[in-house]
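> Here you go, one structure.
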Amino acid sequence: MAYIIAVAVALVLFGGFVALASCEAGAGRRFLLAGPRKSLDRKVARVAFILDHVDLGAFMRDTVRDGIERVLHDVAHASLLAVRFLERALTRFVRRLREKRDGASDASLKERLLEVGARLRRAITLRRIAIQRKDERK
Numbered sequence: 496m497a498y499i500i501a502v503a504v505a506l507v508l509f510g511g512f513v514a515l516a517s518c519e520a521g522a523g524r525r526f527l528l529a530g531p532r533k534s535l536d537r538k539v540a541r542v543a544f545i546l547d548h549v550d551l552g553a554f555m556r557d558t559v560r561d562g563i564e565r566v567l568h569d570v571a572h573a574s575l576l577a578v579r580f581l582e583r584a585l586t587r588f589v590r591r592l593r594e595k596r597d598g599a600s601d602a603s604l605k606e607r608l609l610e611v612g613a614r615l616r617r618a619i620t621l622r623r624i625a626i627q628r629k630d631e632r633k
């Protein structure tokens, strides 16, 4: 019984659609939901135009190629970051091993940095003096 009702409802709806379509075709205008149907027709016409004029095979090939290139680029970037991380870790490790072997301590490093700073200050001061003497001669 349920199947008979479902088929009857489907036939009534189909008949109503056919009647509405023939009335609208005869009048030359739409009676029901004219605005949304016009918008939908425009969208369908645009999609049909695209499907008619675009080479979907080439489009898909280019899209897949671009996607694969992007993935490969990201993998290469991630591997480069991993290599740099390992390089830094190994450099720190080797530096610690050399400091232990050479007996270098933080105190000697600080002394060397202070010495370099003092040399730099002296060089800047001498440079300023030379510039002042040059300006005095003019």
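Residue numbers (the numbering used here): 496 to 633.
The beta-carbon is built from N, C-alpha and C at its ideal position, and this holds for glycine as well.
1. CA-CA distance, I500 and G510?
2. Could you tell me how far apart the beta carbons of L515 and L527 are, in whole angstroms, since I believe they sit closer than 8 Å?
3. From L615 to I626, what does the alpha carbon distance come to, in whole angstroms?
4. In whole angstroms, give me the CA-to-CA distance for R524 and K538.
5. Just to confirm my understanding: we take R622, look at its own chain, exclude 5 residues before and 5 after, and list those with CB closer than 8 Å. What are they?
6. Using the C-alpha atoms, what's the distance from L581 back to K595?
7. Along the chain, where does the alpha helix (DSSP H) that runs through R541 open and close?
8. Can you tell me which of the three DSSP states G552 falls into?
9. Which stretch, first to last residue, makes up the alpha helix (DSSP H) that contains F509?
10. Quick check: what's the CA-CA separation for I619 versus S603?
On the basis of the supplied data:
1. 15 Å
2. 7 Å
3. 16 Å
4. 19 Å
5. none
6. 21 Å
7. 529–548
8. helix
9. 497–522
10. 24 Å
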